[in-house]
Each structure stands twice: as structure tokens, then as C-alpha cells.
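Residue numbers (this note's numbering): 121 to 519.
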């Protein structure tokens, strides 16, 4: 597959706009839409327990999707739980493990987390009287691994993002996972911005729990997410939601949960979403994660060079080997929303604001950024068009 031209042929929107907002949600290729359409038009039915053939087909495709996801992150079939998104997955982890914590236990995370990997731990700490500590780092988002080693000592749980959605920094998750494992701490990974952009291997990361959304890197639909639960935690993890599909037996006095993963998926799941997610994963696998990562690095290199040439401040690691396809910047004295509006007038879609990472903005002493984020369908030519618009904007501001 030729990068990015062949991919762009599968995504009509790429011929209409320059889409630099893949961190929020990626564009969807035709094969993903077609897979979902086939479900809704050819074998639309509920899964599990149905005897008729449509239910049998739907169940087979749904569980086949789980297998695709499991292989994608090097997990076992039964360790994959379908959710709505990363936020729900991380909340479920906090709720499902709440009963194991005792007052004074320590949770360790970083000041760079998306709110979805911060608020659940804050709430849990308040409810249970826990200590919440943060690994120190610099303004580029680089973590102090020495401080990480000190903070993780004695921790009950460590939660960290793989890639920052605000700064684009790729954290040393494998090293942090080793530290957590050596300490006997539960290790939770937010892979929302890495899955589908680079290799995510739960074994290499030493992850006990890992979460990601289908609509971001894997180029799947919205409303479908993944929660990886290591089989070691099947009994310790209490399903926050129970009901239809989660039980083996029920009496008026008690119930018995069924085996994983069904015990963790209450009610009718997002069947079409799971099928679409599997189609998205197959699509990025056909391209090759190495090629996706290479294309994004090429774009990051050019856009950061261009911003430097225009003397536009940008945020994140200067070591581009640690910089994923997310570049945040500002054009003083304009508000980030104003810059985004100007770019929109030129058919360039970017995100602006605090990106659900307010502690990061407060650390940097700013009220938000403009964020350009990429996927494999973006081209160097699009970056050059973007830089041309930015050059004109800067000229108008500086006279």
C-alpha cells in the first residue's frame, strides 16, 4: 500500500479538507464502514444465546472481532473487554478495584495525564483515603525516571499514559511497567494515543490493565473501546456493571457470575462497533504500524521545523524520537480558538483548547494550545499548506 496516497483513496474526506485532528478522532476508511454496513444490512441480530442463524453469524463476527483485538495487543482472547471508550475503560478499572484499597495506600500517576486517567484516581483517593502522588517531569513532558523509581516504591497502583494527547511525548511506559512489577503494584496503561499509531504489546509494557478507543488510532467507529484485563485479575476485579449476559445462574437470593470476558460486558454490546473496530485494526495492520509511525515522524519533523522558522512556540519533547504525531503550539497574542478559526477558513481542521489536560496547561502557564495531530493519511504537502497559512497569519500580526 502506497503511503499516504492509497489510504487517502479510501477516505473521501481527505480530498475535501486537511484533517489535522486525529488525536480527537481519526477519519474512517471505507472498509470499516462497509464492514459495519454488512452487519446492519445482512445479519443484524443480537449476540449470544440466540439459536437462529442471524444471531449465530452476529455472535461469530463479534467474537472474531475480540480475537482480532487480542492479537493486536498480544493478549489472550478472554482478556479483551469491549467498552464505549478509553474514559469508560479507565473508570471501570477504578470502580472494579476499589474494594482492594485500604486507607493510606498509594496511587502514582503523572501530571501529564488526560483527565480520563486522572479523575478516576482522584475520586478513588478521596473515597478511600488514599495518597495520590505524581512523577515529576519537565515542561516538555519528559518524566524523571529517578523520581518515578522513588514514587513507585510502596505504590499499590501506577497509572500512566503511553502518549500525551497534549504534548505528544511518548513516555517510557515499558520502564515504568518494570518498576511497578518489581514493586508488586498494579500497572494501568492509557493507550488511547498509541494504539494504531505504534506497537502496543501488553506483555512488553508489563500492563495489568490497558485501555484504548476504537475511533482514534485504529480508525474504527466511535462508541467502541477496549479494556484489557490481565487474567491474573479476573477474580480480584469486580464487574462494576452486572445484569444481562454476565451471569451463569441466578436465584432470588444470589447470583453466580459467568466466565470472562462475558462477566465484564453487561447488556447488549456495541456489536456493529466491535465489528468496525476489527476492520479498522485489520486496515492499519495491512498498512503496517512501522509505516504509520514513519509517516507521522516525517510530518512532525517538518511541522516543527516550519514552526521554528516562523518563530512560533510549540510544546513537547525536542527529541523527536520521543515525539508522537501530536504537535501543540500557540500564536501569541491570539487565543488558540482564534487560530483554529483562521485555519478552518482555509479548510484545515485542528483542535484548540486545554485538550482535557488542564494540569498540563497550568504547568506551562497557558490557557490552552492549538493542536495539530496526524495519521497515516496526512501528507507532507498538507503540512506545507498549513505552514503557508501560518506564515501569512504571522505576517499580519507582526506587520
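Heads up, the beta-carbon is just placed ideally off N, CA and C, and yes, glycines get one too.
Item checked: Nearest to residue 352 (by Cα), restricted to the options 433, 158, 217 and 128 -> Here residue 352 corresponds to residue number 232 of the chain shown, with the count starting at 1. It is 217.
Next item on the list: Using DSSP bridges, identify the partner residues of residue 403.
Entry: Numbered from 1 along the chain shown, position 283 holds the residue referred to as residue 403. Answer is none; residue 403 lacks a bridge partner.
Note to self: Checking 8 Å against the spacing of the C-beta atoms, do residue 326 and residue 300 come in under that value?
What the structure shows: Along the chain shown, read from residue 1 onward, the residue named residue 326 stands at position 206. Along the chain shown, read from residue 1 onward, the residue named residue 300 stands at position 180. Yes, Cβ-Cβ distance for residue 326 and residue 300 is below 8 Å.
Next item on the list: Please state whether DSSP places residue 310 in a helix, a strand or coil.
Entry: Taking the first residue of the chain shown as position 1, residue 310 is located at position 190. It is a strand residue.
Margin query: For residue 281 and residue 126, what's the separation of their Cα atoms in angstroms?
Written below: Looking up residue 281 in the chain shown gives position 161. Looking up residue 126 in the chain shown gives position 6. The straight-line gap from Cα to Cα measures roughly 31 Å.
Notebook entry, point to check: Is the stretch 366-379 touching the stretch 132-150 in the sense that three or more CB pairs, one from each, lie closer than 8 Å?
Noted result: no
Notebook entry, point to check: Would you report the Cα separation of residue 233 and residue 272, rounded to the nearest angstrom?
Noted result: Along the chain shown, one-based indexing puts residue 233 at 113. Along the chain shown, one-based indexing puts residue 272 at 152. When rounded, the distance between both Cα atoms is 16 Å.
Check: Do residue 390 and residue 343 have their C-beta atoms closer together than 8 Å?
Finding: Numbered from 1 along the chain shown, position 270 holds the residue referred to as residue 390. Numbered from 1 along the chain shown, position 223 holds the residue referred to as residue 343. The answer is yes: Cβ separation under 8 Å.
Checklist line | At least 3 beta-carbon pairs within less than 8 Å: the stretch 441-451 vs the stretch 494-514 | finding: yes
Item checked: Cβ contact check for the stretch 415-433 and the stretch 507-515: 3 or more pairs under 8 Å -> yes
Notebook entry, point to check: Among 504, 274 and 386, which one has its Cα closest to the Cα of residue 250?
Noted result: For this step, residue 250 is matched to residue 130 along the chain shown. Nearest of 504, 274 and 386 to residue 250, Cα basis: 274.
Notebook entry, point to check: What's the gap between the Cα of residue 191 and the Cα of residue 197?
Noted result: Taking the first residue of the chain shown as 1, we reach residue 191 at position 71. Taking the first residue of the chain shown as 1, we reach residue 197 at position 77. Near 8 Å, if we compare the C-alpha coordinates of residue 197 and residue 191.
Next item on the list: Would you be able to state if there are at least three C-beta pairs under 8 Å between the stretch 459-477 and the stretch 128-137?
Entry: yes
Note to self: I want to know whether the stretch 449-460 touches the stretch 285-297 - three or more CB-CB distances under 8 Å.
What the structure shows: no
Note to self: Just to confirm, is the Cβ distance from residue 141 to residue 206 under 8 Å?
What the structure shows: Here residue 141 refers to the residue found at position 21 of the chain shown. Here residue 206 refers to the residue found at position 86 of the chain shown. Not a contact, by the Cβ cut-off of 8 Å.
Check: Quick one: Cα of residue 211 to Cα of residue 236, how far?
Finding: Your numbering for residue 211 matches position 91 in the chain shown. Your numbering for residue 236 matches position 116 in the chain shown. Taking the straight line joining both Cα atoms gives about 8 Å.
Checklist line | Straight-line gap, residue 527 to residue 350 (C-alpha atoms, nearest Å) | finding: Residue 527 cannot be examined here, being either before or after the span of the chain that is shown, 121 to 519.
Notebook entry, point to check: Are there 16 or more other CB atoms within 10 angstroms of the CB of residue 385, so buried, or fewer, so exposed?
Noted result: Residue 385 sits at position 265 when you count from the first residue of the chain shown. Buried, by the Cβ-count rule.
Item checked: Sequence-distant residues of its chain with Cβ nearer than 8 Å to residue 176 (five each side left out) -> Looking up residue 176 in the chain shown gives position 56. Cβ within range, chain order: 170.
Notebook entry, point to check: Assuming residue 230 and residue 255 make a contact with CB atoms under 8 Å, what is their CB distance in whole Å?
Noted result: By 1-based counting over the chain shown, the position of residue 230 is 110. By 1-based counting over the chain shown, the position of residue 255 is 135. Contact flag correct, Cβ pair sits at about 5 Å.
Note to self: Taking the alpha carbon of residue 303 as the reference point, which residue from 227, 485, 472 and 361 has its own alpha carbon closest?
What the structure shows: By one-based count along the chain shown, residue 303 stands at place 183. Nearest C-alpha to residue 303: 227.
Next item on the list: Pull up the distance between the alpha-carbon of residue 410 and that of residue 130, whole angstroms please.
Entry: Translated into positions along the chain shown, residue 410 becomes position 290. Translated into positions along the chain shown, residue 130 becomes position 10. The alpha-carbon atoms of residue 410 and residue 130 are separated by roughly 20 Å.
Checklist line | CA-to-CA distance, residue 122 to residue 242, given in whole angstroms | finding: Working through the chain shown from its first residue, we reach residue 242 at position 122. Working through the chain shown from its first residue, we reach residue 122 at position 2. Their Cα atoms are separated by approximately 45 Å.
Check: Under the DSSP definition of a beta bridge, which residues are partnered with residue 148?
Finding: On the chain shown, position 28 is the one that residue 148 refers to. Paired residue(s): none; residue 148 is not in a bridge.
Margin query: Can you give me the C-alpha to C-alpha distance between residue 324 and residue 373, rounded to a whole angstrom?
Written below: As a position in the chain shown, residue 324 is number 204, starting the count at 1. As a position in the chain shown, residue 373 is number 253, starting the count at 1. Looking at the two C-alpha atoms, the distance is approximately 43 Å.
Margin query: Measuring alpha carbon to alpha carbon, tell me which residue in 399, 322 and 439 is nearest residue 417.
Written below: Position 297 of the chain shown holds residue 417. Comparing Cα positions, the closest option is 439.
Notebook entry, point to check: What is the C-beta distance between residue 340 and residue 397, in whole angstroms, given that I count them as a contact (C-beta under 8 Å)?
Noted result: Taking the chain shown and counting its residues from 1, the one referred to as residue 340 is at position 220. Taking the chain shown and counting its residues from 1, the one referred to as residue 397 is at position 277. That pair is a contact at about 4 Å.
Margin query: Excluding the 5 residues flanking residue 245 on each side, which residues of the same chain have their C-beta closer than 8 Å to its C-beta?
Written below: In the chain shown, counting from the first residue as 1, residue 245 sits at position 125. Hits under 8 Å: 227, 251 and 252.
Note to self: So for residue 428, helix, strand or coil by DSSP?
What the structure shows: Position 308 of the chain shown, counting from 1, holds the residue named residue 428. Residue 428 falls in the helix class under three-state DSSP.
Check: How long is the line joining the alpha carbons of residue 473 and residue 437, rounded to whole angstroms?
Finding: Along the chain shown, one-based indexing puts residue 473 at 353. Along the chain shown, one-based indexing puts residue 437 at 317. One C-alpha to the other measures close to 20 Å.
Next item on the list: Look up residue 375 in the DSSP assignment and say whether it is helix, strand or coil.
Entry: Counting from 1 along the chain shown, the entry for residue 375 is found at position 255. Of the three classes helix, strand and coil, the one that applies to residue 375 here is strand, per DSSP.
Checklist line | Alpha carbon of residue 163 to alpha carbon of residue 393, nearest angstrom | finding: Within the chain shown, residue 163 is the residue found at index 43, counting from 1. Within the chain shown, residue 393 is the residue found at index 273, counting from 1. Looking at the two C-alpha atoms, the distance is approximately 14 Å.
Next item on the list: Starting from residue 246, follow the alpha helix (DSSP H) in both directions and report where the run begins and ends.
Entry: Position 126 of the chain shown, counted from the start, is the residue given in the question as residue 246. Taken as a continuous stretch (DSSP letters only), the alpha helix (DSSP H) holding residue 246 covers 239-248.
Notebook entry, point to check: Are the CB atoms of residue 276 and residue 357 nearer to each other than 8 Å?
Noted result: As a working note, residue 276 is residue 156 in the chain shown. As a working note, residue 357 is residue 237 in the chain shown. In this structure, residue 357 does not lie closer than 8 Å to residue 276 by Cβ.
Next item on the list: Go to residue 169, then tell me how far its beta strand (DSSP E) extends in each direction, as first and last residue.
Entry: In the chain shown, counting from the first residue as 1, residue 169 sits at position 49. It is not in any beta strand (DSSP E) - residue 169 carries neither H nor E in the DSSP assignment.
Checklist line | Three-state secondary structure (DSSP) of residue 182 | finding: As a position in the chain shown, residue 182 is number 62, starting the count at 1. Helix at residue 182.
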